[in-house]
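Counting from 1 along the sequence shown, just add 1476 to a position and that's the residue number in this note's numbering.
Contents: one structure, followed by commentary.
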Amino acid sequence: ERLRGDALPIPASRRVSDPRLRQALRGDLDSILLKCLQREPAARYATVADLRDDLQRHRAALPVRARRQTRGYLLRSFLRRHRLGVAASAVALLLLVVGLTASLLLAQRSREYAQRTERILDTVAGLFANANPLAGNPESVTVGDVVRSTSERFLTGTDADPLFQVLMLERLAELQRAIRDYSAEGRLLARALELSAQAGLGEAVRARLQVSAAESAFAQGEFQQAEVMLDAGQPWPSAQQAPARYLRAKLLTERGDHPAALAEFDWLLAELREGEHDALFHHTVYNSYGILLRRMGRVDEAIAAYRHSLSFLDPDKLEHQEALLTVPTNIAIALGVAGRYQESDAEFSQHLQRSETRLGADFPMLTNIVRNYATLLHRTARFDTGWALLERYRPAADATDAQFYRSGYLKAHSQAALNTGRDAQALQIGVEAMELELQVFGPDLQALDLSLDQLGWLLFELGDLTHAAQIAQRLLLLDPQRWSRQHSIAQMAFELGMGPAPPAGSEPVSDSCAAVEGAVWRARLLQNQPVPSLRIPDDCPLRSAIVLQAFGLPARERDADPPFSPEPLHSKLVRLAAGADEPWPMPIDAAMTERLDRVLAAFDQ
1477 ERLRGDALPI
1487 PASRRVSDPR
1497 LRQALRGDLD
1507 SILLKCLQRE
1517 PAARYATVAD
1527 LRDDLQRHRA
1537 ALPVRARRQT
1547 RGYLLRSFLR
1557 RHRLGVAASA
1567 VALLLLVVGL
1577 TASLLLAQRS
1587 REYAQRTERI
1597 LDTVAGLFAN
1607 ANPLAGNPES
1617 VTVGDVVRST
1627 SERFLTGTDA
1637 DPLFQVLMLE
1647 RLAELQRAIR
1657 DYSAEGRLLA
1667 RALELSAQAG
1677 LGEAVRARLQ
1687 VSAAESAFAQ
1697 GEFQQAEVML
1707 DAGQPWPSAQ
1717 QAPARYLRAK
1727 LLTERGDHPA
1737 ALAEFDWLLA
1747 ELREGEHDAL
1757 FHHTVYNSYG
1767 ILLRRMGRVD
1777 EAIAAYRHSL
1787 SFLDPDKLEH
1797 QEALLTVPTN
1807 IAIALGVAGR
1817 YQESDAEFSQ
1827 HLQRSETRLG
1837 ADFPMLTNIV
1847 RNYATLLHRT
1857 ARFDTGWALL
1867 ERYRPAADAT
1877 DAQFYRSGYL
1887 KAHSQAALNT
1897 GRDAQALQIG
1907 VEAMELELQV
1917 FGPDLQALDL
1927 SLDQLGWLLF
1937 ELGDLTHAAQ
1947 IAQRLLLLDP
1957 QRWSRQHSIA
1967 QMAFELGMGP
1977 APPAGSEPVS
1987 DSCAAVEGAV
1997 WRARLLQNQP
2007 VPSLRIPDDC
2017 PLRSAIVLQA
2027 FGLPARERDA
2037 DPPFSPEPLH
2047 SKLVRLAAGA
2057 DEPWPMPIDA
2067 AMTERLDRVL
2077 AAFDQ
């Protein structure tokens, strides 16, 4: 065994280093070898001459017949054969097209030339679309650099023809989205909107840019900004009606206004026609419709919508690859919601393995897959596995520009830390997630109610009843029936003189999980008395049932045969139930108190 930096001597006859040799053997030769090893004779080379021909084509940097002849592969083969020429002329090509297009527009402003110019720009965009990281293409780094440098030029410069500059900014924004640089996309679209208004380029151009800019804000998790842009664009011209209403439906879904979101989707599905929008738009509508149905509890319909969304996608098209990775995550989530845990776990596990193999463990898109997989692990009492998973992919979460997805990841990470007895980390990560969500949503209590509920129970379990009770009061005043589980926190804080009495009418139903939890907490944590003779209600999630069982309640019959081997829960409540000598309630340190005070004060502004 040798050290990483300890190189073996290279035979003089080879004249190539190890890295260069590995790179040369990767790709075409892999495909040729696999074709030779196919199980079915019909899938192998028919003759030795065919094999020799493919090997000769590989040596000549020509496309080999053992690989699918996709556009991306054919283009990469061309680039390898003409590497120097392409490297020297890539930027020159772009500048040439820019100059040619500007000349055309300046020479004659007719509709025919404008349309022709846009087609030229689309061709350039298609060439540079290989910068998409999903392509797994080594040349994409260089092309990505070209896209970024060209973007800066069009952001800071001024062209003699504003229409041309606006169109070019729009196409570059599409490329920035392809390489997942949403902030750059937003800057390009903002500049395009500014130029469009200054030059009076017309309502059609403005509306198209306005919808794209709102979509960019949504992708970054800036929901308030997206809503402002949509409101400012009304009424929308017919060409932008469907994209604008689709974005509105997504915003309503994220806000939790499901009836209004469903009405928007009903309109979209009735109005969408083949040919009016591209296949990717049809896919995204049905995929988002599936998300809404799943959140409404209509799981079978949601899975059907997801699968229908796949029918619009072409595995050979580069621009469809991200969507092809997203849909399996959504199907796995829906299966988990339906209680089909083993199917859901298999879907998540296979999907994550495929994605990591293709993209790498630090690719930001993995954040959403891992966060949702961790939720399934939590729901099925695999607490240590969930923590290990979230720890492993934390660099991917830190790398993402989509703050909405990052905050969701942090919430899952905080819960996993609490489950595994990492109290300080649970608090630190949980407060960080709440601060981030305030940046995304603003101090919108309705938008952040679920996040506040999770933070409140985290603080309650760790012993910070003061802040937990403040959260409980806000949620109970918002909707006393929905948040009746928070009544126990408010009531216990009131009895300890740490907060006001809970609002009238917020008491949970007597035989609910919330009521049983409240009775157990008060008996053991406040009165140091034996727990009352109660049973664990059916509406208790598995984690709550495990905690109540730790306090002495008999296990439910349905929990006797779990789908997976449960892992021990090490949360503070379980430790207290086991007799741990830990203070409860207990104050938190001054720095964390100050942060929580700022978070809660934001909702009072």
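For glycine and all other residues, C-beta sits at the position ideal for the given N, C-alpha and C.
Cα-Cα separation, residue i to residue j
{"i": "S1507", "j": "R1834", "result": "16 Å"}
{"i": "T2069", "j": "L1935", "result": "11 Å"}
{"i": "L1951", "j": "D2014", "result": "24 Å"}
{"i": "N1895", "j": "H2046", "result": "6 Å"}
{"i": "E1691", "j": "Q1700", "result": "12 Å"}
{"i": "A1607", "j": "D1792", "result": "Interpretation of A1607 is limited by its pLDDT of 44, a score under 50 that renders its predicted location unreliable; no figure is taken from the coordinates."}
{"i": "R1870", "j": "T1876", "result": "10 Å"}
{"i": "Q1922", "j": "A1537", "result": "59 Å"}
{"i": "H1963", "j": "E1937", "result": "15 Å"}
{"i": "G1678", "j": "T1632", "result": "23 Å"}
{"i": "M1974", "j": "D2080", "result": "19 Å"}
{"i": "A1980", "j": "A1990", "result": "16 Å"}
{"i": "M2062", "j": "G1939", "result": "5 Å"}
{"i": "R1629", "j": "G1766", "result": "41 Å"}
{"i": "V1813", "j": "L1852", "result": "9 Å"}
{"i": "D2073", "j": "A1977", "result": "20 Å"}
{"i": "L1425", "j": "A1718", "result": "One cannot answer for residue 1425 here, as it falls past the ends of the chain, which runs 1477 to 2081."}
{"i": "A1737", "j": "L1744", "result": "11 Å"}
{"i": "G1906", "j": "Q1710", "result": "38 Å"}
{"i": "R2053", "j": "R1898", "result": "First, the amino acid is wrong: residue 2053 is Ala here, not Arg. Approximately 17 Å between the Cα atoms of the pair."}
{"i": "R1541", "j": "C1512", "result": "12 Å"}
{"i": "D2065", "j": "P2059", "result": "14 Å"}
{"i": "T1942", "j": "D1929", "result": "15 Å"}
{"i": "R1535", "j": "L1800", "result": "33 Å"}
{"i": "H1734", "j": "T1634", "result": "45 Å"}
{"i": "H1827", "j": "H1759", "result": "19 Å"}
{"i": "S1616", "j": "R1770", "result": "Below a pLDDT of 50, predicted positions are generally treated as unreliable, and S1616, at 43, falls in that range; no measurement from the model is reported."}
{"i": "A1519", "j": "D1504", "result": "16 Å"}
{"i": "Q1641", "j": "R1528", "result": "50 Å"}
Residue i, DSSP secondary structure in three states
{"i": "H1827", "result": "helix"}
{"i": "D1955", "result": "coil"}
{"i": "L2045", "result": "coil"}
{"i": "F1788", "result": "coil"}
{"i": "L1497", "result": "Unreliable placement is indicated for L1497, whose pLDDT of 47 sits below 50; the coordinate value is still reported in the next sentence. It is helical."}
{"i": "E1615", "result": "For E1615, the predicted structure reports a pLDDT of 46, less than 50, and the residue's modelled location is therefore unreliable. A value from the coordinates is still provided. In this structure, E1615 counts as coil in the three-state DSSP scheme."}
{"i": "L1538", "result": "coil"}
{"i": "Y1849", "result": "helix"}
{"i": "E1670", "result": "helix"}
{"i": "I2012", "result": "coil"}
{"i": "Q1717", "result": "helix"}
{"i": "L2029", "result": "coil"}
{"i": "V1985", "result": "coil"}
{"i": "N2004", "result": "coil"}
{"i": "G1678", "result": "coil"}
{"i": "P1978", "result": "coil"}
{"i": "F2040", "result": "coil"}
{"i": "L1938", "result": "helix"}
{"i": "K1726", "result": "helix"}
{"i": "G1862", "result": "helix"}
{"i": "Q1922", "result": "coil"}
Residue span of the alpha helix (DSSP H) that contains residue i, given as start and end
{"i": "P1871", "result": "1870–1875"}
{"i": "Q1701", "result": "1699–1709"}
{"i": "R1533", "result": "1524–1535"}
{"i": "Y1881", "result": "1879–1895"}
{"i": "M2068", "result": "2066–2078"}
{"i": "N1806", "result": "1797–1813"}
{"i": "F1839", "result": "Note, F1839: premise wrong, no alpha helix (DSSP H); not H, not E."}
{"i": "M1968", "result": "1963–1971"}
{"i": "L1914", "result": "1899–1917"}
*Is there contact here, the region 1857–1864 with the region 1874–1887, by at least three beta-carbon pairs under 8 Å?*
Three or more Cβ pairs closer than 8 Å define a contact, and the region 1857–1864 falls short of that threshold against the region 1874–1887.
*Answer yes if the region 2012–2029 comes into contact with the region 1818–1838, meaning at least three C-beta pairs across the two stretches below 8 Å, and no otherwise.*
Three or more Cβ pairs closer than 8 Å define a contact, and the region 1818–1838 falls short of that threshold against the region 2012–2029.
*Take every Cβ of the region 1801–1808, pair it with every Cβ of the region 2027–2046, and state whether three or more of those distances are shorter than 8 Å.*
The region 1801–1808 is not in contact with the region 2027–2046.
_With three or more beta-carbon pairs closer than 8 Å as the criterion, would you say the region 1968–1975 touches the region 1943–1950?_
Yes: the two stretches touch, three or more of their Cβ pairs being nearer than 8 Å.
*Does the region 1819–1828 come close enough to the region 1776–1786 that 3 or more CB-CB pairs lie under 8 Å?*
Below 8 Å, too few C-beta pairs join the region 1776–1786 and the region 1819–1828 to call them touching: fewer than three.
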